[in-house]
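Chemist: Just passing along the structure, written as structure tokens.
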Amino acid sequence: MKALKRFLSWIYGAVIALRHRLYDWGVKKSYSFDIPIVCIGNITVGGTGKTPTAEFLLSSLSSSYNIAILSRGYGRRTKGYREVMADDSYLDVGDEPLQMKSKFPDSVVVVSEDRVAGIERIRKEHPEVNLIIMDDGFQHRKVKAKINIVILDATRPYYNDSLLPLGKLRDLRSRLKAAHFFIVSKCSEDMTPLDRRLWHNKLRSIAYQKVYFSTITDLPIVPLFDYEDREAVDYGQQAILLSSIGNARPFVRAAGERFNVVDKLIFGDHHRYTVDDLKLINEHHKRHPRAIILMTEKDAVKLRRTKRLPERLRRQMYYQPIEMTLINGPDQNFIGHLVAEIEHIEESEPKFKKRG
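Note that the numbering used here has the sequence shown beginning at 204, numbered continuously upward.
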């Protein structure tokens, strides 16, 4: 089986390499736009932290720029261009775009599998937008982004990995040369300067981009449904974990440090919850009736509108908000350097101004 995966991995790599060559040679066309486009991407499958990074940029830059988020809307049942509204179903717009719209309701969030068409329509329908953040677009070579931010998971080093299906790499390591910034995500709080230096040297041996390090900070848990007479939650009490994200290990590990985890329900990334899934959640909670059900933010946007949960269960459901936090490393001032790059682009495209 491993020999077959190795062979398929070689085939996959050859196809990916040919595709990149066709773009490099101009056989397949890339489109440039007269507006700064910041692409957030990775070279591995699974959760590396793209969505927390997009939210970090929204939080950090929204006071200076009118930002639109452009996403494919992976897993949605609709097609084509669609602007995300806060009351949309995740089935229509995708879980991650809906999560960002819920947290940043004043921002323009758009889903479109055709990123070129999506950018053109954003420009037409939202002329006030002067910065587009393209979520998970590093492999979308049809759009030539002005700035590429590549996220690398510290818990799954890319340099020890292989191409699909043998490993988790979805793209060639050589593509890292196209990045402008690297963010090594999900670093532990006790990451040593030596560990950071090893990552920095590994990446700087590929190119000369700046390297930043981030960790995921857990914020206070939030009830999924509002009940004024809800009992307070104490750290250390029983918890059933619920997750449908790309890499659940950091969520499980962090929850285990604060709660007595008695059960786990781990689904695949972008999982669509069915009636049977809701019954399964209810059955697990009946085994541990005093436990809270703690889920990720992405699961919260999927379940907060469901009416197929008994009140007993709804009262015990919470979600874990997170935010990306930069930690010290060889390079500093990520936002400052990013803004400098954006302003350099704006100098050549003077009609796109900052907010205000």
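Just so it is clear, CB atoms sit at the ideal spot from N, CA and C, and this is done for glycine as well. Owing to the predicted nature of the structure, the values given are computational and were not obtained by experimental measurement.
(1) Considering Cα atoms alone, identify which of Glu-258, Arg-222, Asp-298 and Val-218 is closest to Tyr-476.
(2) Would you identify the three-state DSSP class for Gly-250, choosing helix, strand or coil?
(3) Is it true that the region 481-488 meets the region 502-519, where meeting means three or more beta-carbon pairs spaced less than 8 Å apart?
(4) By how many angstroms is the C-alpha of Glu-526 removed from the C-alpha of Ser-263?
(5) With the cut-off set at 8 Å, would you say Ala-435 and Asn-463 are in Cβ contact?
(6) Rounding to the nearest angstrom, what Cα-Cα distance links Ala-217 and Ile-448 in this structure?
(7) Measure the alpha-carbon distance for Glu-258 versus Gln-302 and round it to whole angstroms.
(8) Could you please give the first and the last residue of the uninterrupted beta strand (DSSP E) stretch that includes Ser-305?
(9) Quick check on Gly-244: does DSSP put it in helix, strand or coil?
(10) Go ahead and label Asn-351 buried or exposed: buried means 16 or more other beta carbons lie within 10 angstroms of its beta carbon, across all protein chains shown.
(11) Helix, strand or coil for Gly-449 per DSSP?
(12) Unbroken beta strand (DSSP E) runs of length 3 or more, entirely within the region 450-515: which are they?
(13) For His-223, which of helix, strand or coil comes out of DSSP?
(14) Which value, in whole angstroms, describes the spacing of the CA atoms of His-473 and Leu-516?
(15) Measure from the alpha carbon of Asp-421 to the alpha carbon of each residue in Glu-500, Arg-324, Leu-397 and Gln-523, then state which is nearest.
(16) Using alpha carbons as the reference points, say which of Gly-471, Tyr-215 and Pro-453 lies closest to Leu-369.
(17) Closest to Asn-269 by CA distance: which of Lys-371, Lys-413 and His-329 is it?
(18) Put Ile-386 into one of helix, strand or coil per three-state DSSP.
(19) With burial defined as no fewer than 16 other Cβ atoms inside 10 Å of the residue's Cβ, what is the status of Ala-206: buried or exposed?
(20) By DSSP, does Val-414 sit in helix, in strand, or in coil?
(21) Give the single residue among Val-312, Ile-336 and Ala-348 whose Cα lies nearest to the Cα of Ser-235.
(22) If you measure between the beta carbons of Tyr-430 and Arg-461, is that distance less than 8 Å?
(23) Can you tell me whether DSSP reads Arg-285 as helix, strand or coil?
(24) How far does the alpha helix (DSSP H) with Ala-320 in it reach, from first residue to last?
Modeler: Considering the structure as presented:
(1) Comparing Cα positions, the closest option is Asp-298.
(2) In this structure, Gly-250 counts as coil in the three-state DSSP scheme.
(3) The region 481-488 vs the region 502-519: in contact.
(4) If you take the alpha carbons of Ser-263 and Glu-526, they lie about 12 Å apart.
(5) Not a contact, by the Cβ cut-off of 8 Å.
(6) Pairing Ala-217 with Ile-448, the inter-Cα distance amounts to about 29 Å.
(7) When only Cα atoms are considered, Glu-258 and Gln-302 end up about 10 Å apart.
(8) Going by DSSP, Ser-305 is part of no beta strand (DSSP E) but of the alpha helix (DSSP H) stretching over 298-306.
(9) Gly-244: strand per DSSP, three-state reduction.
(10) So Asn-351 ends up on the buried side.
(11) Correct three-state label for Gly-449: coil.
(12) Counting only runs that start and end inside the region 450-515, the beta strand (DSSP E) elements of at least 3 residues fall at 463-469 and 495-499.
(13) In the three-state reduction of the DSSP assignment, His-223 falls in the helix class, which pools H, G and I.
(14) A direct Cα-to-Cα measurement between His-473 and Leu-516 gives close to 23 Å.
(15) Selected option, being the one with the closest Cα: Gln-523.
(16) Out of Gly-471, Tyr-215 and Pro-453, Tyr-215 has the C-alpha closest to the C-alpha of Leu-369.
(17) Closest by alpha carbon: His-329.
(18) DSSP, read as helix, strand or coil, puts Ile-386 in strand.
(19) Within a 10 Å sphere around the beta-carbon of Ala-206 sit fewer than 16 other beta-carbons, which makes this residue exposed.
(20) In the three-state DSSP reduction, Val-414 falls in the strand class (E or B).
(21) Out of Val-312, Ile-336 and Ala-348, Ala-348 has the C-alpha closest to the C-alpha of Ser-235.
(22) Contact flag unset, no.
(23) Arg-285 falls in the strand class under three-state DSSP.
(24) Unbroken alpha helix (DSSP H) run through Ala-320: 318-328.
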